[in-house]
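Residue numbers (the working numbering): 84 to 299.
Here's the structure we're looking at; comments come further down.
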């Protein structure tokens, strides 16, 4: 199955995706991670991408599509993907549908995590990412614990784009460009709405129930 994990920045998509990867043998595809990997190459393109991301804006659909094609064309990922943070607008959603069909795959469900604006800001500002293993925590809601985190605390960093100005820009873009995708997937009858304000295990429990009901 291929799953789209949908919701505003800071809602906890990455955490839930990591849980699904472990329990359902899936592969998480985050365009944010793909773009940050590109940034590490220190090319003219990487510098341009970094500037756009740091402002809370979106990279062009064409650039994102090229990155997605590289993933869909690999047999190891065939029908076993979780799209985290993609698509972010209606054009990307329609493009993904075309690419999915081209590679003989399908989107099994779209999980939409909902949360209020105040909680979003607090979650994003509290986010910590391990520079060594990539695990994500939150100093307010999900602090690192010994049984969950083996790396040294010195590796925990905040992302350069996690600040109040960037959050406001990202929320504005989300409202204006991303929310219309909900209707698009609702028309396909593959959209599931989930209350993202609850505890992580409660949200994940509902996600497991939904995936279990798909039958494939």
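Even for Gly, the Cβ is constructed at its ideal location relative to N, Cα and C.
{"Check": "In the structure shown, what three-state DSSP assignment does residue 123 receive?", "Outcome": "coil"}
{"Check": "On the DSSP bridge assignment, give the partners of residue 193 in chain order.", "Outcome": "87 and 274"}
{"Check": "When burial is assigned at 16 or more other CB atoms within 10 Å of the CB, is residue 100 buried or exposed?", "Outcome": "buried"}
{"Check": "Would you list the one or two residues that DSSP bridges to residue 111?", "Outcome": "165"}
{"Check": "Could you check what DSSP says for residue 240 in three-state terms: helix, strand or coil?", "Outcome": "strand"}
{"Check": "Could you check what DSSP says for residue 142 in three-state terms: helix, strand or coil?", "Outcome": "coil"}
{"Check": "Is the separation between the beta-carbon of residue 275 and that of residue 195 shorter than 8 Å?", "Outcome": "yes"}
{"Check": "DSSP state of residue 149, grouped into three classes?", "Outcome": "helix"}
{"Check": "Does residue 291 come out as helix, strand or coil in the three-state DSSP assignment?", "Outcome": "helix"}
{"Check": "Please report the distance separating the alpha-carbon of residue 164 from that of residue 139.", "Outcome": "25 Å"}
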